[in-house]
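Okay, so here's the structure we're looking at.
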Amino acid sequence: MSLLFVGFGQVLIIPNQHIENIYTLEVEISNRIHELEIEVARRLKEVYKCDGVSSRQHNEPDGSQDVWHYHLHVFP
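In short: position in the sequence shown from 1, add 35, done, that's my numbering.
Shown next as structure tokens:
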């Protein structure tokens with residue numbers, strides 16, 4: 036699993052193994068991604084003193100997916 040700092044507080048959580056989208060995501064990997072999401076969200080809230088944190092993930096063209104590797108955005 037990789038964490039990538041994108042810009043003002045935005046972090047991407049990216050599985051190292053290729054997963055195209057949520058439809059092929061295994062439960063064990065999903066669990067690890069969401070454990071990291073919770074940790075990142077707590078740290079963003081602490082560091083940026085923001086009132087809330089959002090996360091986003093897109094699937095297929097009609098779902099706004101434009102990168103064909105599963106990843107989760109977490110941002111203040």
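All residues carry an ideal CB built from backbone N, CA and C; glycine is no exception.
Counting other Cβ atoms within 10 Å of its Cβ, Phe110 reaches 16 or more and is therefore classed as buried. Judged by DSSP secondary structure, Ser89 falls within the beta strand (DSSP E) whose first and last residues are Ser89 to Arg91. Going by C-alpha positions, Leu60 is about 6 Å away from Ile54.
The distance from the Cβ of Ile48 to that of Val75 is about 7 Å, consistent with a contact at the 8 Å cut-off. C-alpha of Tyr83 to C-alpha of Arg77: approximately 10 Å in a straight line.
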